[in-house]
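This report concerns only the one structure given below.
Residue numbers (my numbering): 6 to 247.
See below:
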């Protein structure tokens, strides 16, 4: 994420909904692999490395039955916009609209999906203002955001002391996991203190960690750990941050 001032996101050519080209689908494939494959698998079969830890299991896009929100283009876009409550499917509204459309167009190559009518496109445009452009808020880099959060948390959380407490834990295996899988230790502790300490909810931590490891400061490979080890890591973090 680059630092940007608020403004208007460029209007989208509605033709990419009804008639996507190979470049858009290729872009969607790249975005899918980056954002979706850890759960849904590289081929969209619901068999990603994180799938075993999720209940219910991630959607297999090759199947036509059992869809929670339906299979129309609108259904798919709404799912990316809002997520699916009580599952590992978070909302991806932070991804630009055109990129979400690209992801949808790529996954629609996995099977026969309902055709998109002119009426459906018009309704989508009415609801999401694709052809008009969308107002966007200012944002800053992830590094700047993490630093700002850390600075605000420093009065309550001495990060060096917390890291030392973790390293002094009796469970050396979990200490090793923390040191091996933490991509940004400062971010891990700041996000954990902010989002999980008060709730003390290991299930919430695991669901969000699997859905987005980097947002929680961890390497993507952490999703391959057994659930029991992630719970142990959660408990060590609770004790250290408390």
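Glycine included, every Cβ here is placed at the ideal spot set by N, Cα and C.
Taking the alpha carbon of residue i as the point to measure from, which residue in the options has its own alpha carbon closest?
| i | options | result |
| --- | --- | --- |
| residue 69 | 94, 206, 119, 125 | 119 |
| residue 229 | 167, 216, 240, 220 | 216 |
| residue 126 | 246, 18, 247, 244 | 18 |
| residue 163 | 203, 247, 106 | 247 |
| residue 63 | 212, 241, 218, 227 | 212 |
| residue 124 | 112, 111, 79, 137 | 79 |
| residue 132 | 86, 173, 33, 47 | 86 |
| residue 15 | 138, 244, 174, 24 | 138 |
| residue 22 | 135, 172, 226, 241 | 135 |
| residue 169 | 201, 129, 242 | 242 |
| residue 67 | 104, 111, 226 | 111 |
| residue 220 | 27, 40, 24, 25 | 40 |
| residue 81 | 106, 35, 201 | 106 |
| residue 104 | 207, 72, 37 | 37 |
Does any heavy atom of the ligand PLP sit closer than 7 Å to the C-beta of residue i?
| i | result |
| --- | --- |
| residue 70 | With respect to the ligand PLP, the structure shown offers nothing to examine, as it has no ligands at all. |
Does the beta-carbon distance from residue i to residue j come in below 8 Å?
| i | j | result |
| --- | --- | --- |
| residue 234 | residue 176 | no |
| residue 196 | residue 222 | yes |
| residue 74 | residue 83 | yes |
| residue 194 | residue 224 | no |
| residue 108 | residue 20 | no |
| residue 51 | residue 115 | no |
| residue 245 | residue 171 | yes |
Just mark residue i as buried or exposed, buried being the case when its beta carbon has 16 or more other beta carbons within 10 Å.
| i | result |
| --- | --- |
| residue 157 | Annotation note: pLDDT 49 at residue 157 (below 50); position unreliable, coordinate value reported separately. Exposed: under 16 other Cβ atoms inside 10 Å. |
| residue 5 | No statement about residue 5 is possible, as the shown extent of the chain runs from 6 to 247 and does not include it. |
| residue 58 | buried |
| residue 209 | exposed |
| residue 45 | buried |
| residue 90 | exposed |
| residue 248 | No answer is possible for residue 248: it lies beyond the span of the chain, which begins at 6 and ends at 247. |
| residue 198 | buried |
| residue 204 | exposed |
| residue 239 | buried |
| residue 98 | exposed |
| residue 94 | buried |
| residue 166 | exposed |
| residue 191 | buried |
| residue 43 | buried |
| residue 173 | exposed |
| residue 61 | exposed |
| residue 53 | buried |
DSSP state of residue i, grouped into three classes?
| i | result |
| --- | --- |
| residue 4 | An answer regarding residue 4 cannot be provided, because it is not within the stretch 6 to 247 covered by the chain. |
| residue 157 | Confidence at residue 157 is low in this model, with a pLDDT of 49, below 50, so its placement is unreliable and the value that follows should be read with caution. Three-state result, residue 157: helix. |
| residue 238 | helix |
| residue 76 | coil |
| residue 41 | coil |
| residue 178 | helix |
| residue 35 | helix |
| residue 19 | coil |
| residue 110 | helix |
| residue 89 | coil |
| residue 124 | helix |
| residue 66 | coil |
| residue 231 | coil |
| residue 200 | helix |
| residue 9 | Note that residue 9 scores 47 on pLDDT, short of 50, meaning its location in the model is unreliable and no value can be drawn from it. |
| residue 48 | coil |
| residue 84 | helix |
| residue 99 | coil |
| residue 164 | helix |
| residue 207 | helix |
What are the residues that DSSP puts in a beta bridge with residue i?
| i | result |
| --- | --- |
| residue 1 | Absent from the structure is residue 1, since the part of the chain shown begins at 6 and ends at 247. |
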